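Visitor: Got a structure here, written out as structure tokens. Questions coming.
In structure tokens form, the structure reads like this:
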């Protein structure tokens, strides 16, 4: 019988299913880098998501406008990454007031936590259950990928597919938090950007830092990882997959909201929105569990390579 990963992984995950088999050594890179601890300086106190909202100062209109204006400057580059028509200056100027109004609402509106995590189990997902890597569909087991006692190359492929799934879910959590509801993207459309991301020499450090930060309950870790994705040049392509069903101007507005929110949250005035992200992360039980599983398996795979 064909191995489940080889039989199904490529079909379900497109080029990525082939990448993890054909370029396994390239993807692993320097093993010693994986052994290091990455304790970057975080300007936000770990565990801050437990602070009461009343103790957090809301950003000023000037700070909101600054985040929006910075986001507008970034939009053309990310649309170019996605191969989309780049908006002109007039288009961006028209968008600016509504973005500021929207961003201000994000700092004052009460978080609907139930709505923000409602879609966590929707769509095709990679999970690890009872020493087995699986795909689940709408929360139910769909396909066996590999057992933990399978050939190491098969386990490693499944491990990277699980990492890829986390990358998509990082975007999904932020988008759900800011009120964007969309089906999880078809990963077959993301073989190109994921290959570029996984082969980047900084990827393993960045992902390890993400896991460490989340295990310390630091929501800023997600935004630092998003900024890393931006630096690799694949942010626009991944975002485009989430916004695939939108018309062009709605897409421009959506990526503007995402960028403005991220820029505000990572700045000195972003404590309030960062608090909301922390609450969503802790409530997204499946996502948080997956992070813990990847973290616990991380050194096992390093030692065996």
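Residue numbers (the working numbering): 235 to 539.
No residue lacks a Cβ here, since even glycine has one placed at the ideal position from N, Cα and C.
The structure presented is a predicted model; accordingly, all values stated were derived computationally and were not measured.
1) How long is the line joining the alpha carbons of residue 303 and residue 295, rounded to whole angstroms?
2) List, from N- to C-terminal side, the alpha helix (DSSP H) runs of 4 residues or more that fit wholly inside the region 474-507.
3) Which residue wins for smallest C-alpha separation from residue 210, given the options 410, 394, 464 and 513?
4) Taking 9 Å as the cut-off, decide whether the C-beta atoms of residue 338 and residue 298 are in contact.
5) What does the Cβ neighbour count give for residue 519, buried or exposed, with the cut at 16 atoms within 10 Å?
6) Using C-beta distances below 6 Å, list every residue in its chain close to residue 521, excluding the 5 sequence neighbours before and after it, in chain order.
7) First and last residue of the alpha helix (DSSP H) that includes residue 399?
8) Would you check if there are 3 or more beta carbon pairs closer than 8 Å linking the region 424-438 to the region 505-515?
9) With distance defined between alpha-carbon atoms, name the residue in 401, 382 and 317 nearest to residue 470.
10) Does residue 526 get closer than 9 Å to chain C when you measure Cβ to Cβ?
11) Indicate the three-state DSSP secondary structure (helix, strand or coil) for residue 366 in the structure shown.
12) Under three-state DSSP, which class holds residue 431?
13) Pull up the distance between the alpha-carbon of residue 426 and that of residue 397, whole angstroms please.
14) Residue 464 lies in the alpha helix (DSSP H); which residues open and close that run?
15) Would the region 326-337 and the region 479-498 be scored as touching if the rule is three or more Cβ pairs under 8 Å?
16) Taking 7 Å as the limit between beta carbons, can you name the residues of its chain near residue 523, skipping five residues before and five after?
17) Buried or exposed: where does residue 417 fall if 16 or more other Cβ atoms within 10 Å of its Cβ makes it buried?
Guide: On the basis of the coordinates in this document:
1) 12 Å
2) 482-500
3) Nothing about residue 210 can be read from this structure; the chain reaches only from 235 to 539.
4) yes
5) exposed
6) 403
7) 386-411
8) no
9) 317
10) Structure shown: chain C not included; a single protein chain is present.
11) strand
12) helix
13) 16 Å
14) 454-466
15) yes
16) none
17) exposed
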